[in-house]
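If you read the sequences in order, they're chains C and A. According to UniProt numbering, the first sequence holds residues 1 to 170 in order. According to UniProt numbering, the second sequence holds residues 1 to 139 in order. We put the beta carbon where it would ideally sit given N, CA and C, even for glycine.
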Amino acid sequence: MEVIAWSEFIRTALQGSFKSVFQMAVIIIPLMIFLEVAKDMNVLDGMAGWMAPVMRFFRLSQKGAFPLVIGLIFGLAYGAGVIIESVKNGDLTWRDLFLINVFLVLCHSVLEDTALFMAVGANGIIILAGRLILAVLITYILSRWSGVNRLEKIFAGKIMVPHCSHCEKS
Amino acid sequence: MVTFDTFKRGFYKGLSTTWLLSKVVVPIYVAVSLLSFTPLLKQISDFCSPFMKYVGLPGEASLALVVGNVLNIYGALGVMSSLPLNSKEINIMALMLLLSHSLIVESAVAGKCGINPWFVGLSRILLAIIAGIVVNILL
Chain C
1 MEVIAWSEFI RTALQGSFKS VFQMAVIIIP LMIFLEVAKD MNVLDGMAGW MAPVMRFFRL
61 SQKGAFPLVI GLIFGLAYGA GVIIESVKNG DLTWRDLFLI NVFLVLCHSV LEDTALFMAV
121 GANGIIILAG RLILAVLITY ILSRWSGVNR LEKIFAGKIM VPHCSHCEKS
Chain A
1 MVTFDTFKRG FYKGLSTTWL LSKVVVPIYV AVSLLSFTPL LKQISDFCSP FMKYVGLPGE
61 ASLALVVGNV LNIYGALGVM SSLPLNSKEI NIMALMLLLS HSLIVESAVA GKCGINPWFV
121 GLSRILLAII AGIVVNILL
C-alpha cells in the first residue's frame, strides 16, 4: 500500500470542491433569477412552446421543458437544480422526473462534452448522434411503458413528489 | 409583474439550490479525490483490461475508462492523450465515456432528484458497454 500524499490530497480536494460549488452558484443563481423573471412576465409558456413537440413525443408535462433544455446545454447538476425547484413547486410528477432524469443522465452538457472529445480527435457527429439517439430511444421506450409509475416504489429516492391528477388521467 | 421581489426570490432560490447540491457534491468530491490518491483505480483497470477487446479497445485503454467513470471526463482525457489510439478507438472510447462518466458524483445528483443512484450508475455502465460492443461492430 502506497503512502497517500495528504497535503497534495487536501489541496486537490479543497480546490476542486470550491471550484465546483463556485461554478454551480455562477450558473444556477442567474438561471433561477431568469426563471423567476420569465415566470412573472408570463413568457415561460411561450418559450417552452418550441419544445412542445419534444415533450409530446415523450408524453411529458410542458413544465419539464425548461429543466430538459438546461440540463442538455449546461449539464446534469444544473438540470437537476431546476428539477428539484420544479418538484418543490409541484410542477412535475414522478413520471416526468424519472423520464427527464433518464434522458439527462445519458445526454447532458452536450456542447462542452462533445467539444472536449473532438479536441482529442473524436468525430463530433458520430459521438453526439450516438449519444442523442441512445438517450432518445431509451427515454421513448420507457415513456411508452406503463410500468414506469410502479417504479416509483422501487427507485424513488428522497424527494416527495406531490401527486396531481393530470397524468393519471392520460 | 416583475419587481425587485422577483429578483430577490430568484436569487434566494438559486442560492438554496446551490447549497442543496453542494451538500451532495462536496463530500463526494472529497471522497473521490481521496480515491484517486490510492492504487485502487489502477487495480480496477488491471482487472478490466482483458475484457477491453470486446469493445475493440487495447487493454491499456481500461485505465482511461476507469478514471473517467470514477473521477471525471478531464481525467479520462488526460489518460487518453497518452495512449496511441486510432480514430475508430477514439470514437468508441469517446462514446462510452460520454454515456457513462463521473458516475459517483452524477449518480448522487440524480439521487438528490429522487432516482435511485445505484440504478442510475449501473444502467449507465451497462449501456456504455453495449454501445461500445455495437459501435465496434458497426464502425
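Item: Cutoff 7 angstroms: A:Pro7 Cβ touching any chain C Cβ; Value: Checking the sequence, you will find Phe at residue 7 of chain A rather than Pro. So, interface residue.
Item: Start-end ranges of the alpha helix (DSSP H) lying completely within the region 32 to 94 of chain C, minimum 4 residues; Value: 44 to 49, 52 to 57, 65 to 73 and 76 to 89
Item: Residues, ordered as in the chain, of the region 89 to 106 of chain A that lie near chain C by beta-carbon distance below 7 angstroms; Value: Ile90, Asn91, Ala94, Leu95, Leu98, Leu99 and Glu106
Item: Nearest-angstrom Cα separation, counted from A:Phe47 out to C:Val37; Value: 52 angstroms
Item: First through last residue of the alpha helix (DSSP H) which encompasses A:Pro117; Value: Pro117 to Leu138
Item: Residue-level contact to chain A via CB, C:Arg131, 7 angstroms cutoff; Value: yes
Item: A:Ala110, DSSP secondary structure in three states; Value: helix
Item: Rounded separation between A:Asn120 and C:Gln23 - CA only; Value: The question names Asn, but residue 120 of chain A is Val in the sequence shown. For A:Val120 and C:Gln23, the distance between alpha carbons rounds to 24 angstroms.
Item: Contacts of C:Met24 in chain A (Cβ-Cβ under 8 angstroms); Value: Thr18, Leu21, Ser22 and Val25
Item: Outcome for C:Pro67 when other beta-carbon atoms lying within 10 angstroms are tallied against a minimum of 16; Value: buried
Item: Per-residue DSSP class, three states only, for A:Pro27; Value: helix
Item: DSSP-derived helix/strand/coil call for C:Cys107; Value: coil
Item: Cβ-based contacts, 7 angstroms cut-off: residues of the region 57 to 83 of chain A near chain E; Value: Absent from the structure: chain E. Protein chains present are C and A.
Item: Length of the line joining the Cα atoms of C:Val136 and C:Leu99; Value: 10 angstroms
Item: Anticipated Cβ contact below 8 angstroms, A:Phe7 with C:Ile33, distance rounded; Value: 6 angstroms
Item: Pairwise C-alpha distance: A:Val79 and A:Ser49; Value: 14 angstroms
Item: Simplified DSSP state of C:Ser165, which is helix, strand or coil; Value: With a pLDDT of 44 at C:Ser165, under the threshold of 50, the modelled position of that residue is not reliable, and the figure given next carries that caveat. C:Ser165 falls in the coil class under three-state DSSP.
Item: Chain-order list of residues whose beta-carbon lies under 7 angstroms from that of C:Leu134 (same chain, five-residue window excluded); Value: Leu106
Item: For C:Thr139 and C:Leu128, believed in contact at Cβ under 8 angstroms, the rounded distance; Value: Their Cβ separation, rounded to whole angstroms, is 16 angstroms, which puts C:Leu128 and C:Thr139 out of contact at 8 angstroms.
Item: Cβ separation of A:Ser45 and A:Leu63, assumed to be a contact under 8 angstroms, to the nearest whole Å; Value: 4 angstroms
Item: Residues that A:Tyr29 contacts on chain C, provided the C-beta gap is smaller than 8 angstroms; Value: Ala13, Gly16, Ser17 and Ser20
Item: Helix, strand or coil at A:Asn72 according to DSSP, with G and I counted as helix; Value: coil
Item: Exposure label - A:Pro39; buried when at least 16 CB within 10 Å; Value: exposed
Item: Reduced DSSP category for A:Thr17 - H, G, I as helix; E, B as strand; rest coil; Value: helix
Item: Status (buried if at least 16 other CB within 10 Å, exposed otherwise) for C:Ser86; Value: buried
Item: C:Trp6 (DSSP reduced to helix, strand or coil); Value: helix
Item: Coarse secondary structure for C:Gly147, derived from DSSP in three states; Value: coil
Item: Same chain only: Cβ atoms within 8 angstroms of A:Lys112, ignoring 5 sequence neighbours per side; Value: Leu20, Leu21 and Val24
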